[in-house]
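In this note's numbering, the protein residues as written are 902 to 1059. Glycine included, each C-beta is placed from N, C-alpha and C at the ideal position. What you are looking at is a predicted structure, and each value in this text was computed from that prediction instead of being measured. Worksheet: the structure to be examined is printed underneath.
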């Protein structure tokens, strides 16, 4: 159901979270990421992770987005299997082919276990900043993910 507004609970949680300076191993050594801890609602229906990194130049930020989307493309339309606990727990997810929605690169993956949540990803560069957003939930769509990524980008571009 594209076009639905981002749930107020997500926006409230993001407004209340505190950005912390720290390492995030995805980002190149020269990046300065700010990240917020994973946020989840009380019912554990929605989880939100965000990473914001500032680069020396807009080109460097765009390069990180391009590399990330390239990884998504290579994994798109494939089943990814993750192992936890030394291989005791396994999770398989079907990765969608990435696309662009309202100028933002997006993808999502759907669990093979229908009881699990779908995960949506959005990544964009604004000037020399990169916003990388992951939202997992039962009733979340790509449009909501893009809307929230743009809100985060707008707040951090100041």
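Since residue i and residue j are thought to touch, with beta carbons under 8 Å apart, how far apart are those beta carbons, to the nearest angstrom?
i            : j            : result
residue 946  : residue 1038 : 6 Å
residue 1007 : residue 966  : Actually they are not in contact, since the Cβ atoms of residue 1007 and residue 966 sit about 12 Å apart, beyond 8 Å.
residue 1034 : residue 1022 : 7 Å
residue 952  : residue 1026 : Between residue 1026 and residue 952 the Cβ distance is about 13 Å, and since that is not below 8 Å, they are no contact.
Anyone know if the C-beta pair for residue i and residue j falls short of 8 Å?
i            : j            : result
residue 970  : residue 1041 : no
residue 1031 : residue 1053 : no
residue 973  : residue 999  : yes
residue 982  : residue 991  : yes
Does the beta-carbon of residue i have 16 or more other beta-carbons within 10 angstroms, so that it is buried, or is it exposed?
i            : result
residue 993  : exposed
residue 1087 : No statement about residue 1087 is possible, as the shown extent of the chain runs from 902 to 1059 and does not include it.
residue 958  : exposed
residue 980  : exposed
Taking the alpha carbon of residue i as the point to measure from, which residue in the options has its own alpha carbon closest?
i            : options              : result
residue 996  : 1010, 984, 1005      : 1010
residue 1003 : 959, 986, 1050       : 1050
residue 1028 : 984, 1056, 948       : 1056
residue 1005 : 981, 1045, 1014, 991 : 1045
ask   = Along the chain, which unbroken stretches of the beta strand (DSSP E) at least 3 residues long are found entirely within the region 949-1012?
value = 979-985, 990-996, 1000-1002, 1005-1012
task = May I have a chain-ordered list of the beta strand (DSSP E) segments no shorter than 3 residues that lie completely inside the region 1017-1057?
result = 1019-1027, 1030-1038
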